[in-house]
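Data first, discussion second: the structure below is written as structure tokens.
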Amino acid sequence: MDGNELTYGIRKAIVGLAEKLNGLQHPPAWLLGGSCGLLLQGIALSAQPRDVDLFADPEDAEELHQALSPYAAGQPVEDYGGGCYSLRSGYVVEGVQVELVCGFEIGSAPLQYRVQVKSLQPFGPLCGLPGGLTVGLMPAAHELIYSLLRGRLDRAAAIAALIRGNPRAHVPLLRGLLAANRLERQLQPQIETLLNGDPVPAPQANRQAYTRGNSA
Numbered sequence: 000m001d002g003n004e005l006t007y008g009i010r011k012a013i014v015g016l017a018e019k020l021n022g023l024q025h026p027p028a029w030l031l032g033g034s035c036g037l038l039l040q041g042i043a044l045s046a047q048p049r050d051v052d053l054f055a056d057p058e059d060a061e062e063l064h065q066a067l068s069p070y071a072a073g074q075p076v077e078d079y080g081g082g083c084y085s086l087r088s089g090y091v092v093e094g095v096q097v098e099l100v101c102g103f104e105i106g107s108a109p110l111q112y113r114v115q116v117k118s119l120q121p122f123g124p125l126c127g128l129p130g131g132l133t134v135g136l137m138p139a140a141h142e143l144i145y146s147l148l149r150g151r152l153d154r155a156a157a158i159a160a161l162i163r164g165n166p167r168a169h170v171p172l173l174r175g176l177l178a179a180n181r182l183e184r185q186l187q188p189q190i191e192t193l194l195n196g197d198p199v200p201a202p203q204a205n206r207q208a209y210t211r212g213n214s215a
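Numbering that gives the first Met the number 0 puts the first residue of the sequence shown at 0, with every later residue one more than the last.
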């Protein structure tokens, strides 16, 4: 099996997560991201995903954690590592490591990006699962910005290729995210180059110790 397929175990874990979270009376907004989300959008990866990443807003962290508590590997903790901030909690579902990432923020001004899942959810493609279930995926526009800020040009180029295939579906959100996070000047040149199919040098994201509330 190559890096363009999800393992049976990961597929089973995603189905289990969708059953549990979508079955709540009033399901909070959550999206599947990371390598699994990219692969399910048809973006080729160099290696198989080894775990599952879920994203949500901080105000929904407690409800989601309670729903997933039978699988919990510990309590939610604040993580300030790698120039990022998030409230993270880990789980084991069908033998697969699952991480719930809430309130994710990366970088420091002027290169700072905040993930707002409720705003992204309407733009996230739905992936069909067995049993009539669906899971929402983190939009490609978000993944492109995130990959550039992390300096992952291999992924950024692959995501840009997907966006080029259907710009009307992706570019409006991409522009909106750049504007909302004041990243046009810093990232627009690299993004335009990638969307033209050309390689770009890695942008220099600010990796200083993260401090909340330091955006411009």
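Ideal Cβ placement from N, Cα and C applies to all residues, glycine included.
Look at Gln111 here: in three-state DSSP terms it is strand. Just so you know, the alpha carbons of Ala108 and Val100 end up roughly 21 Å apart. Per DSSP, the continuous beta strand (DSSP E) segment holding Ser85 begins and ends at Cys83 to Val92. Between Leu186 and Leu132, the C-beta gap is not smaller than 7 Å, which leaves the two residues out of contact. Assigned with DSSP and collapsed to three states, Gln96 falls in strand. In this structure, Val134 lies away from Ala12, with their beta-carbon atoms at least 7 Å apart.
Across the structure, Gly22 and Leu67 are spaced so that their CA atoms are roughly 12 Å apart.
For Ala159, the CB contacts under 7 Å within the same chain, skipping 5 residues up- and downstream, are Leu143, Leu193 and Leu194 in chain order. With a cutoff of 7 Å on beta-carbon distance, Leu136 and Leu53 are scored as not near each other. Between Trp29 and Val95, the beta carbon gap of about 17 Å keeps them out of contact (Cβ cut-off 8 Å).
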